[in-house]
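Sequential numbering from 172 applies to the sequence shown in our numbering.
Glycine included, C-beta positions come from ideal geometry on N, C-alpha and C.
Take a look at the structure below.
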Amino acid sequence: MTRASNRVTRETERSVIGKRIPRPDAPAKTRGTAQYVADIQRTGLLHAAVLRSPYPHARIRSLDITAALALQGVKAVVTADDTPGRSWGAFRKDQPVLASDKVRYVGEEVAAVAAVDVETAREAVRLIEVDWEELSAVLSIDEALADGAALVHDDAPGNITYHFALERGDVDAGFARSDVVVEGTWESARQFHAAIETIGSVAEWDLNDRLTIWTNTQTPFLSRGRYAWALGVAERDVRIIQTEVGGGFGGKSGDDNNPVVCALLARKAGRAVQLINTREEEFLAGSRPRMPMRYWVRLGVDRDGHVQAKDIKVLADNGAYTGKSIAVMGAASVRPDTLYRYPAVRADSTLVYTNLVPTGAFRGFGSPSADWAVEQAWDMAADELGMDVVELLRMNAVESGDVSLHNHRITSCELKQCIDKAAELIGWHHKRAQRTPNRGLGIACSVHVSGRRSFGDYDGSSAMVRLNEDGRATIISGEGEIGQGAGTVLRQIAAEELGIPFEDVDVTPSDTQLATHALGALASRVTYVAGNAVLRAARAARQQLLEAAAVQLETAVSDLEVRDGRVMVRGAPGAFGGGVLVGEVARKRLYQRGGGPILGVGEWDNPSDFPDESRYGNESGAYNFMAEAVEVEVDRETGNVQVLELAAAVDCGTVLNPTLAEGQVEGAVAQGLGLAQSETFAWSDGRPQNPNFGDYKLPTVGDMPIIHLAFAESYEPSGPFGAKGVGEIAVDGVPAAIANAVHDAVGVRITELPITAEKVYRALRELDAQL
172 MTRASNRVTR
182 ETERSVIGKR
192 IPRPDAPAKT
202 RGTAQYVADI
212 QRTGLLHAAV
222 LRSPYPHARI
232 RSLDITAALA
242 LQGVKAVVTA
252 DDTPGRSWGA
262 FRKDQPVLAS
272 DKVRYVGEEV
282 AAVAAVDVET
292 AREAVRLIEV
302 DWEELSAVLS
312 IDEALADGAA
322 LVHDDAPGNI
332 TYHFALERGD
342 VDAGFARSDV
352 VVEGTWESAR
362 QFHAAIETIG
372 SVAEWDLNDR
382 LTIWTNTQTP
392 FLSRGRYAWA
402 LGVAERDVRI
412 IQTEVGGGFG
422 GKSGDDNNPV
432 VCALLARKAG
442 RAVQLINTRE
452 EEFLAGSRPR
462 MPMRYWVRLG
472 VDRDGHVQAK
482 DIKVLADNGA
492 YTGKSIAVMG
502 AASVRPDTLY
512 RYPAVRADST
522 LVYTNLVPTG
532 AFRGFGSPSA
542 DWAVEQAWDM
552 AADELGMDVV
562 ELLRMNAVES
572 GDVSLHNHRI
582 TSCELKQCID
592 KAAELIGWHH
602 KRAQRTPNRG
612 LGIACSVHVS
622 GRRSFGDYDG
632 SSAMVRLNED
642 GRATIISGEG
652 EIGQGAGTVL
662 RQIAAEELGI
672 PFEDVDVTPS
682 DTQLATHALG
692 ALASRVTYVA
702 GNAVLRAARA
712 ARQQLLEAAA
722 VQLETAVSDL
732 EVRDGRVMVR
742 GAPGAFGGGV
752 LVGEVARKRL
762 YQRGGGPILG
772 VGEWDNPSDF
782 PDESRYGNES
792 GAYNFMAEAV
802 EVEVDRETGN
812 VQVLELAAAV
822 DCGTVLNPTL
832 AEGQVEGAVA
842 QGLGLAQSET
852 FAWSDGRPQN
862 PNFGDYKLPT
872 VGDMPIIHLA
882 FAESYEPSGP
892 FGAKGVGEIA
902 VDGVPAAIAN
912 AVHDAVGVRI
922 TELPITAEKV
932 YRALRELDAQ
942 L
């Protein structure tokens, strides 16, 4: 770990930034007038259904659609013969739109039908006849890696999707210096996104053979490129219009076949088609669930607690197709090293094909699986040292100015403050001094990115801010709103920079034909990356406004400022009758000879690097940090674990809107609790047995503990008004913190997610047998 200079300039008091401003889009959602994809209506709209594989691995000998086509009301049937015959995917093009010769997991798309109503479409799907040849399937990492195992893809020997290894520093020497070495293997789990709205789309081709897709994507521009490739059409001929999004969490970031299949049907039928996944389809093949990993960790520290070395081996279950899994495993393998001052690290990571549903992006993007293992290893080291784990983590925590072994440059960091705040909020020291039987405390730390350079050498955004004749401002951005409040925060940034009321700022919906280019809502990037683009666009518009006002008022630009929607003389607000309205300046500039609109353009690219093959490179311009502490109570008779309290302390830089930031943290905590305690897929011969909300156990309001929340006093110099990301990090450390608390309470360490009562009960009985 090295050091880099970091000069921080703190902002003065702001009028909009940092305020609890309600979301302008909330009324439409509460009144039921918001337009979700199911609400889109087009002339002659048809409805679609999909034939999916009932087998985890099978050959398609023949496919007969005759009976389906003959059914009254059916307007089109598509199979692999109607596709360009090319596979697609974010990092590896291995995923067909519709299976042709083989299917590789239960739920894979084989054919689709468009009909006058969805019931007719589903009946037609049942009439499609398929001659299947069931093949041997590999349904776990161990089965996939076994000698002689069936291959998921013929061009992937040994079912290896991807492998990389790295070593930085002298790891063996580090362990030789260590007085305490701990190691263990942890298993994480598939987790379903469980967005309240499933993936859906409406597709329509115009007379010029141009395609419009209305869909609930998180990433309109990224999705446009992928869908165009899959359809074999020019990107310029595809328009993506983002509808309202009923939850994303990574599951709607452009990996699902739904919009592509919908477009194929619309082209063949010559009419608009709507395709919305059922809840079961969403489980089977829609949103790509969290990737399960087997994570071995070896950690060495000296007798004083200073870390000397870390070694990991990762085996990750890719599922049948790759999607974003290469990036997910890469993040899980290196990102935790940005938490502590490791002098030497080694990693060996392997991504494995299986005949199960493909995995992909999920809130946290690999970090929950990594933290599940690494943060428990730190807890084990503290036990071996006889040291309070809070002291151990604090001793090794990174600080502003540090540069990790992977060249992650930490420009702002208040991790130590987060550890202290979490411990204080949970009552760590008091409760440890006065122990209650069967109650325990646990803590875990996390780090996340604010944007990530992983889709080529670009992680930027662009925006325009237009000042209208009525004094209102319009933000034009392609980032889109997925329910997290991005539109509200971007309005706040623009209003603050322009000097106009928040209520006078609008954001246009994301439409690839009309909006500026943006990567979308992923990698906790919108506030940091899009916020910087909007800030620059607003700054440019404000400069144009001041220049126009200076001409109209016959004064110098430097003498003017904008406040409360008026341009006035700095230090003399009563001059010129209290100044001139922004709208008046904009109108005069627009209609004067040689004039024009006030239109600011802003572009900003994350100051980061595209990592090399060994994952070396500063993947983000800013890193957010967190510590989460929990108190649990364990029932020794049943193994049930109740999380009583959870304290979350977050370093996300300047908190632009406390209400929205708190909502992001609390929502992520809820998903962390589900991952930790209840959410898991039940499998039988590769078939999910619980693809519904009745059997897949999501946490409810009644399962939520008391949550104590604090934000660190922090400022990111490269962020808009000092802000950085906050949307994902709070999910990351929850499972490890709970596991550490269970160990503190009853002395058993759970290494496989979720932490069920059955596992705890079994571990307690095994512990009793050893006594």
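(request) Would you give the residue range spanned by the beta strand (DSSP E) that ASP542 belongs to? (result) In the sequence shown, residue 542 corresponds to position 371, counting from 1. That residue, ASP542, is in no beta strand (DSSP E); its alpha helix (DSSP H) goes 538-556.
(message) Which residue wins for smallest C-alpha separation from GLY457, given the options VAL245, HIS364 and ILE299?
(response) In the sequence shown, residue 457 corresponds to position 286, counting from 1. The shortest Cα separation from GLY457 among VAL245, HIS364 and ILE299 belongs to HIS364.
(request) Determine the burial state of LEU817: buried for a count of at least 16 other Cβ atoms within 10 Å of its Cβ, exposed for fewer. (result) Indexing the sequence shown from 1 puts residue 817 at position 646. So LEU817 counts as buried.
(request) Taking THR525 and LEU310 to be in contact with their CB atoms under 8 Å, please state how far apart those CB atoms are, rounded to whole angstroms. (result) Walking along the sequence shown from the start, residue 525 turns up at place 354. Walking along the sequence shown from the start, residue 310 turns up at place 139. 6 Å between Cβ atoms; contact.
(message) I'd like to know whether the C-beta atoms of ARG230 and LEU322 end up nearer to each other than 8 Å.
(response) Start at 1 with the first residue of the sequence shown, and residue 230 comes out as number 59. Start at 1 with the first residue of the sequence shown, and residue 322 comes out as number 151. Against a cut-off of 8 Å, the Cβ pair of LEU322 and ARG230 comes out as no contact.
(request) Just the C-alpha distance for LEU715 and LYS190, rounded to the nearest angstrom, thanks. (result) For this step, residue 715 is matched to residue 544 along the sequence shown. For this step, residue 190 is matched to residue 19 along the sequence shown. A quick correction: the sequence has Gln, not Leu, at residue 715. Looking at the two C-alpha atoms, the distance is approximately 27 Å.
(request) Pull up the distance between the alpha-carbon of LEU556 and that of VAL351, whole angstroms please. (result) Position 385 of the sequence shown, counting from 1, holds the residue named residue 556. Position 180 of the sequence shown, counting from 1, holds the residue named residue 351. If you take the alpha carbons of LEU556 and VAL351, they lie about 7 Å apart.
(message) Taking the straight line between their C-alpha atoms, what separation do you get for GLY834 and THR851?
(response) The residue you call residue 834 lines up with position 663 of the sequence shown. The residue you call residue 851 lines up with position 680 of the sequence shown. Rounded to whole angstroms, GLY834 to THR851 spans 25 Å at the Cα level.
(message) Looking at SER621: is its Cβ nearer than 8 Å to the Cβ of TYR794?
(response) For the purposes of this step, residue 621 is taken as residue 450 along the sequence shown, with counting starting at 1. For the purposes of this step, residue 794 is taken as residue 623 along the sequence shown, with counting starting at 1. Yes, the Cβ-Cβ distance between SER621 and TYR794 is below 8 Å.
(message) Measuring straight from C-alpha to C-alpha, what distance separates ILE877 and GLN848?
(response) Residue numbering aside, residue 877 sits at position 706 when the sequence shown is read from its first letter. Residue numbering aside, residue 848 sits at position 677 when the sequence shown is read from its first letter. Taking the straight line joining both Cα atoms gives about 16 Å.
(request) List the DSSP bridge partners of GLN413. (result) By one-based count along the sequence shown, residue 413 stands at place 242. Looking at the DSSP output, GLN413 sits in a beta bridge with THR386.
(message) Cutting at 6 Å between CB atoms, please list the residues of its own chain near ARG178, excluding the five before and the five after it.
(response) Position 7 of the sequence shown, counted from the first residue, corresponds to residue 178. Annotation note: pLDDT 32 at ARG178 (below 50); position unreliable, coordinate value reported separately. There are no such residues.
(request) Please go through the region 782-842 and give each complete beta strand (DSSP E) segment of 3 or more residues, from N-terminal end onward. (result) 794-805 and 812-822
(message) Please report the distance separating the alpha-carbon of ARG623 from that of ASN578.
(response) Position 452 of the sequence shown holds residue 623. Position 407 of the sequence shown holds residue 578. Computed Cα separation, rounded: 14 Å.
(message) Going by DSSP in three states, GLN941 sits in which element: helix, strand or coil?
(response) Position 770 of the sequence shown holds residue 941. DSSP places GLN941 in helix when its eight states are reduced to three.
(message) Using 8 Å for Cβ pairs, my map puts LEU222 next to VAL281. What's the rounded Cβ distance?
(response) As a working note, residue 222 is residue 51 in the sequence shown. As a working note, residue 281 is residue 110 in the sequence shown. Contact between LEU222 and VAL281 is confirmed by a C-beta separation of about 5 Å, below the 8 Å threshold.
(request) In angstroms with no decimal places, state the Cα-to-Cα distance between GLY792 and PRO460. (result) Here residue 792 corresponds to residue number 621 of the sequence shown, with the count starting at 1. Here residue 460 corresponds to residue number 289 of the sequence shown, with the count starting at 1. Cα to Cα, GLY792 sits roughly 27 Å from PRO460.
(message) Determine whether the beta carbon atoms of ALA437 and LEU402 lie at a separation below 8 Å.
(response) Against the sequence shown, residue 437 aligns to sequence position 266. Against the sequence shown, residue 402 aligns to sequence position 231. Their beta carbons are not under 8 Å apart, which means ALA437 does not touch LEU402 by this criterion.
(message) Suppose the cutoff is 7 Å on Cβ atoms and the five residues either side in sequence are ignored; what does the same chain contact list for ALA286 look like?
(response) Here the question's residue 286 lines up with position 115 in the sequence shown. So the list reads LEU217, HIS218, GLY244, VAL245, LYS246, ALA292 and ALA295, once near-sequence residues are dropped.
(message) On the CB-based measure, 16 or more other CB atoms within 10 Å of its CB, does GLY918 come out buried or exposed?
(response) Taking the sequence shown and counting its residues from 1, the one referred to as residue 918 is at position 747. Label assigned to GLY918: exposed.
(request) Following the continuous beta strand (DSSP E) through ALA251, name the residue where it begins and the one where it ends. (result) Taking the first residue of the sequence shown as 1, we reach residue 251 at position 80. Per DSSP, ALA251 belongs to no beta strand (DSSP E) and is neither H nor E.
(message) Would the region 863-877 count as touching the region 500-513 if we require 3 or more Cβ pairs under 8 Å?
(response) no
(request) Would you check if the distance between the CB atom of LYS484 and the CB atom of LEU470 is smaller than 8 Å? (result) Start at 1 with the first residue of the sequence shown, and residue 484 comes out as number 313. Start at 1 with the first residue of the sequence shown, and residue 470 comes out as number 299. Taking 8 Å as the Cβ cut-off, LYS484 and LEU470 do not qualify as a contacting pair.
(request) May I have the straight-line CA-CA distance separating PRO255 from ALA366, to the nearest angstrom? (result) Counting from 1 along the sequence shown, the entry for residue 255 is found at position 84. Counting from 1 along the sequence shown, the entry for residue 366 is found at position 195. Cα-Cα distance, rounded: 31 Å.
(request) State buried or exposed for VAL728, treating a residue as buried only when at least 16 other CB atoms are found within 10 Å of its CB. (result) Locating residue 728 in the sequence shown gives position 557, counting from the first residue. It counts as exposed.
(request) For the beta strand (DSSP E) holding ALA286, just list the boundary residues, first then last. (result) Counted from its first residue, the sequence shown places residue 286 at position 115. Where ALA286 is concerned, the enclosing beta strand (DSSP E) stretches over 280-286.
(request) Just tell me which of VAL342, ALA701 and VAL738 has its CA closest to the CA of SER889. (result) Numbered from its first residue, the sequence shown carries residue 889 at position 718. Of the listed residues, the one whose Cα sits closest to SER889 is ALA701.
(request) Using three-state DSSP, classify ALA374 as helix, strand or coil. (result) Numbered from its first residue, the sequence shown carries residue 374 at position 203. In this structure, ALA374 counts as strand in the three-state DSSP scheme.
(request) Have a look at TYR492 and PRO391 and give me their C-alpha separation to the nearest angstrom. (result) Here residue 492 corresponds to residue number 321 of the sequence shown, with the count starting at 1. Here residue 391 corresponds to residue number 220 of the sequence shown, with the count starting at 1. TYR492 and PRO391: Cα-Cα distance of roughly 22 Å.
(request) Could you say if the region 854-868 and the region 797-805 meet the contact criterion of at least three C-beta pairs nearer than 8 Å? (result) no
(request) Under 8 Å by Cβ, that's how I've got VAL836 and VAL905 pegged, so tell me the actual separation to the nearest angstrom. (result) Within the sequence shown, numbered from 1, the residue matching residue 836 stands at position 665. Within the sequence shown, numbered from 1, the residue matching residue 905 stands at position 734. Their Cβ separation, rounded to whole angstroms, is 11 Å, which puts VAL836 and VAL905 out of contact at 8 Å.
(message) Can you look up PRO328 in the DSSP assignment and give me helix, strand or coil?
(response) Taking the first residue of the sequence shown as 1, we reach residue 328 at position 157. In the structure shown, PRO328 sits in a helix (DSSP, three-state: H, G or I).
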